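For reference, the structure discussed in these notes is given below.
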Amino acid sequence: MDLVFLHGPAASGKLTVARALAERVGYPVFHNHLVVDLLTTVFPFGTEPFVRLRERMWLDVITDAARTGTSLIFTFAPEPTVPAGFPGRVRSAVESAGGRVRFVRLLVGRAEQERRIGAPSRAEFHKLADVEVLRRIRQSHDASEQPPSDVDIDTETCDAETSAEIIAERFALPWQEPLPRYI
Numbered sequence: 004m005d006l007v008f009l010h011g012p013a014a015s016g017k018l019t020v021a022r023a024l025a026e027r028v029g030y031p032v033f034h035n036h037l038v039v040d041l042l043t044t045v046f047p048f049g050t051e052p053f054v055r056l057r058e059r060m061w062l063d064v065i066t067d068a069a070r071t072g073t074s075l076i077f078t079f080a081p082e083p084t085v086p087a088g089f090p091g092r093v094r095s096a097v098e099s100a101g102g103r104v105r106f107v108r109l110l111v112g113r114a115e116q117e118r119r120i121g122a123p124s125r126a127e128f129h130k131l132a133d134v135e136v137l138r139r140i141r142q143s144h145d146a147s148e149q150p151p152s153d154v155d156i157d158t159e160t161c162d163a164e165t166s167a168e169i170i171a172e173r174f175a176l177p178w179q180e181p182l183p184r185y186i
């Protein structure tokens, strides 16, 4: 089992690259906003129940994927409400089940990040879409614990398909037949 742990700041292209990689290797995409959007319907972002349940849900899904041998692509944006040590807990959960974690950091310059932040595609999930809010929170997000990186990709110079190719080849990721949603 391979867990491709894509991380980077808002609008660095995590979901876009994850989808391109999924097309190439067949792995499901576990986008962090699936859990974030679910929980913010009940608990405001950053509250104690939100933070606790978010980590629990992320880890439960990743752990069970590792236990069942299901390779997975996970997207993650480091920010201050994520408890310290989260990437290490992910690595421990995956490796204890015999899997491997492949950390990939996506980079984007500030001007390009600000240009992308208002893109209509960001409305699919309740993503940060306000440049002024981005500017206000950028420093605290930049100071947050950063996961390790086995490879860095600048998404200003590499499109999603090229990024996916780099990741798949760098880690020699095997094809996994896509799973049916319903059986």
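In the working numbering, the protein residues as written are 4 to 186. Here a beta-carbon is modelled for each residue, glycine too, at the ideal position from N, C-alpha and C. Only a predicted model underlies this, so the values are computations on that prediction, with no experimental measurement involved.
Straight-line measurement puts the Cα of G29 at about 27 Å from the Cα of A122. Scanning the region 49-123 for uninterrupted alpha helix (DSSP H) segments of 4 residues or longer gives 51-71, 89-99, 113-120, listed from N- to C-terminal end. Taking all protein chains in view, the Cβ of Q149 is surrounded by fewer than 16 other Cβ atoms within 10 Å, so the residue is classified as exposed. In this structure W61 is buried. Its beta-carbon is surrounded by 16 or more other beta-carbon atoms within 10 angstroms.
The Cβ-Cβ distance between I65 and V7 does not fall below 9 Å. In the three-state scheme derived from DSSP, where H, G and I count as helix and E and B as strand, L176 is classed as coil.
For I156, the enclosing beta strand (DSSP E) covers residues 154-157.
When Cβ pairs closer than 8 Å are counted between the two stretches, the region 138-145 is seen not to touch the region 34-47, the count staying below three. Among the bridge pairs identified by DSSP, L6 is matched with L75, V104. G91 is classed as exposed because its beta carbon has fewer than 16 other beta carbons within 10 Å across all chains shown. Ranked by how close their Cα comes to the Cα of E117, the residues L131, A126, E127 have L131 in first place. Taking C-beta separations shorter than 8 Å and ignoring five residues to either side along the sequence, the partners of V111 in its chain run G11, P12, A14, S15, G16, R119, D157, T158, E159, following chain order. Boundaries of the alpha helix (DSSP H) harbouring I140: 134-145, taken from the DSSP string.
Straight-line measurement puts the Cα of R105 at about 16 Å from the Cα of G88. Across the structure, A69 and G101 are spaced so that their CA atoms are roughly 7 Å apart. The shortest CA-to-CA distance from R184 to any of R22, G49, P31, L18 is the one to P31.
Scanning its chain for C-beta atoms nearer than 6 Å, with the 5 sequence neighbours on each side dropped, one finds around F79 the residues H10, N35, in chain order.
Burial check for D5: the Cβ neighbour count within 10 Å reaches 16 or more, so the residue is buried. For A25, the enclosing alpha helix (DSSP H) has its first and last residue at 17-28. Only residues of its own chain outside the window of five on either side were considered, and among them A163 have a CB closer than 6 Å to the CB of T19, listed in chain order.
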